[in-house]
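Visitor:
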Amino acid sequence: MHISRKDLGLSDVNSGCTCSAGAHEASSPAPAQNDIITQEYLVTGMTCSHCVSSVSEEIATIDGVRSVHVDLRVGGASRVAVRSEKAIEDSRIAAAVEEAGYSIATAEA
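If you use the numbering used here, the sequence shown corresponds to residues 433 to 541, in order.
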């Protein structure tokens, strides 16, 4: 019997939420590294691991997405890295983030 363990990266960041996480990654079997494209976004409003899971799960439903990594920043914009087989339209990522209840941060002029 083989037991596989995965570090979920959960940690208490004293945000008042009992399920806060520093980072989360949802992944599918990946093709060769040189076939992967990484797109990064800043997402506002996430405060805990449930938020991270919601965003990760919505983005992961997009065809071609291989993994989603979230660097949670409570009180700020969290960095979301989407790794995929081909470039994904920003509007599709934004729609998935909005479906989860959050929004892509916009650059200020």
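Note that beta-carbon positions come from the ideal geometry of N, C-alpha and C, so glycine has one too.
Please report how far the alpha carbon of Thr522 lies from the alpha carbon of Ile494, in whole angstroms.
Guide: Sequence index remark: in the sequence shown, residue 522 carries index 90 (1-based). Sequence index remark: in the sequence shown, residue 494 carries index 62 (1-based). Per the sequence shown, residue 522 should be read as Asp rather than Thr. Asp522 and Ile494: Cα-Cα distance of roughly 12 angstroms.
Visitor: Are the CB atoms of Thr470 and Tyr534 within a distance shorter than 8 angstroms?
Guide: For this step, residue 534 is matched to residue 102 along the sequence shown. For this step, residue 470 is matched to residue 38 along the sequence shown. No, they are not a contact pair.
Visitor: Taking the straight line between their C-alpha atoms, what separation do you get for Arg498 and Glu489?
Guide: Position 66 of the sequence shown, counted from the first residue, corresponds to residue 498. Position 57 of the sequence shown, counted from the first residue, corresponds to residue 489. Taking the straight line joining both Cα atoms gives about 12 angstroms.
Visitor: In this structure, how does DSSP classify Arg498 when only helix, strand and coil are distinguished?
Guide: Taking the sequence shown and counting its residues from 1, one reaches residue 498 at position 66. In the structure shown, Arg498 sits in a strand (DSSP, three-state: E or B).
Visitor: Measuring straight from C-alpha to C-alpha, what distance separates Met496 and Ser481?
Guide: Position 64 of the sequence shown, counted from the first residue, corresponds to residue 496. Position 49 of the sequence shown, counted from the first residue, corresponds to residue 481. Just to set this straight, residue 496 is Gly in the shown sequence, not Met. Straight-line Cα distance between these residues: approximately 24 angstroms.
Visitor: Let me know the secondary structure DSSP gives Ala513 once reduced to three states.
Guide: As a position in the sequence shown, residue 513 is number 81, starting the count at 1. Ala513: strand per DSSP, three-state reduction.
Visitor: Would you say Ile491 and Val506 are within 8 angstroms of each other, going by their C-beta atoms?
Guide: What you label residue 491 is simply residue 59 of the sequence shown in a count that begins at 1. What you label residue 506 is simply residue 74 of the sequence shown in a count that begins at 1. Cβ distance not < 8 angstroms, so Ile491 and Val506 don't count as in contact.
Visitor: Going by DSSP, what residues sit across from Asp522 in a beta bridge?
Guide: Sequence index remark: in the sequence shown, residue 522 carries index 90 (1-based). Paired residues: none, contrary to the question.
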